[in-house]
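Here the protein sequences line up with chains A and B, keeping their order.
Every letter in the first sequence is one number past the one before it in the numbering used here, and letter 49, counting from 1, is 49.
Each number in the numbering used here comes from the position in the second sequence (counting from 1) with 113 added on.
By construction, the Cβ of each residue, glycine as well, lies at the ideal position given by its N, Cα and C atoms.
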Amino acid sequence: QQQVKQSPQSLIVQKGGISIINCAYENTAFDYFPWYQQFPGKGPALLIAIRPDVSEKKEGRFTISFNKSAKQFSLHIMDSQPGDSATYFCAAFLTGNTGKLIFGQGTTLQVKP
Amino acid sequence: GAGVSQSPSNKVTEKGKDVELRCDPISGHTALYWYRQRLGQGLEFLIYFQGNSAPDKSGLPSDRFSAERTGESVSTLTIQRTQQEDSAVYLCASSLAWGYEQYFGPGTRLTVT
Chain A
1 QQQVKQSPQS LIVQKGGISI INCAYENTAF DYFPWYQQFP GKGPALLIAI
51 RPDVSEKKEG RFTISFNKSA KQFSLHIMDS QPGDSATYFC AAFLTGNTGK
101 LIFGQGTTLQ VKP
Chain B
114 GAGVSQSPSN KVTEKGKDVE LRCDPISGHT ALYWYRQRLG QGLEFLIYFQ
164 GNSAPDKSGL PSDRFSAERT GESVSTLTIQ RTQQEDSAVY LCASSLAWGY
214 EQYFGPGTRL TVT
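Next up, the structure:
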């Protein structure tokens with residue numbers, strides 16, 4: 001019940017296209033949903049995050065869509081660029097006295113020029 | 114300002130040896146987290162510190178793993194009698210307070226031969 005399921009595992013998009021990565025969760029105690037971007041050999045970098053009382057959040061080319069009733073959320077990358085090629089992780093924060101993030105398995109995005 | 118730093122960046126050790134991994138969090142961040150990332154996998158929570166105490170050690174895989182934090186700053190993760198399955202990237206993150214915006218270091222790549 002603490003899992004976060006992420007899909008697809010890998011994604012290839014043409015430059016200028018829209019990249020969409022989906023995540024689903026079961027535990028309704030999750031109350032914060034960040035997305036991280038990771039380049040090879042680097043630690044994950046916080047990209048954008050949303051709370052369940054908001055249905056959408058946009059920062060530049062990155063948008064999170066959140067569907068509380070379906071327990072799903074997704075990352076949309078508009079006008080995808082080769083520099084966006086990286087691994088993306090969704091995560092969910094477990095409320096309570098623990099600070100752990102539960103991560104999805106990751107999506108490797110390749111944006112072709 | 115300076116981000117989370119970790120040392121060493123790479124560590125190769127023989128099976129059965131002990132290793133110590135170090136994390137320097139962002140100055141002023143009271144919460145510190147350790148995660149493990151196996152090749153091609155998502156991040157697996159290990160332990161969380163609030164100040165110098167560890168309210169959640171639930172992710173430590175076995176009693177060979179331990180961690181401490183001193184002075185509400187540096188943390189060390191110790192793995193005793195290393196096994197080949199311990200090979201992974203060990204990531205440290207910190208946040209201003211518990212939860213939410215966690216900032217990751219570059220990780221320590223541990224290889225057990």
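At least one CB of chain A closer than 8 Å to the CB of residue i: is that the case?
i	result
B:F158	yes
B:G141	no
B:L223	no
B:P174	no
B:G164	no
B:D169	yes
B:P121	no
B:E219	Position check: residue 219 of chain B holds Pro in this sequence, whereas Glu was assumed. Closer than 8 Å: yes.
B:Q193	no
Give a yes or no on whether 8 Å exceeds the smallest Cβ distance from residue i to chain B.
i	result
A:Y88	no
A:F73	no
A:K42	yes
A:Y32	yes
A:F93	yes
A:K100	yes
A:L46	yes
A:G106	yes
A:F66	no
A:F62	no
A:F39	no
Assuming residue i contacts residue j under a Cβ cut-off of 8 Å, what Cβ separation, rounded to an integer in Å, is found between them?
i	j	result
B:C136	B:V187	7 Å
A:K57	A:I64	5 Å
B:F162	A:P44	That pair is no contact at about 19 Å.
A:I143	A:T107	In this structure chain A extends from 1 to 113, so residue 143 of chain A is not present and cannot be described.
B:R177	B:R194	6 Å
A:I12	A:Q110	5 Å
According to DSSP, what are the bridge partners of residue i?
i	result
A:T108	A:S10 and A:T87
B:I139	Partner(s): none; B:I139 has no beta bridge.
B:S208	B:A144
B:E181	B:T189
B:Y252	Look at the range of chain B in this structure, 114 to 226, and you will see that residue 252 of chain B is not part of it.
B:Y216	B:S207
B:L152	Answer by DSSP bridge pairing: none, since B:L152 is not bridged.
A:A92	A:I102
B:T221	B:Y203
B:V132	B:I192
A:V4	A:Y25
A:T63	A:K58 and A:H76
Identify every run of the beta strand (DSSP E) within the segment 10 to 58 of chain A, keeping only runs that are complete inside it and at least 3 residues long; order them along the chain.
10 to 14, 19 to 25, 30 to 38 and 45 to 50
Between the segment 197 to 217 of chain B and chain A, which residues of the former have CB atoms less than 7 Å from a CB of the latter, in chain order?
L204, W211, G212, Y213, E214, Q215, Y216 and F217
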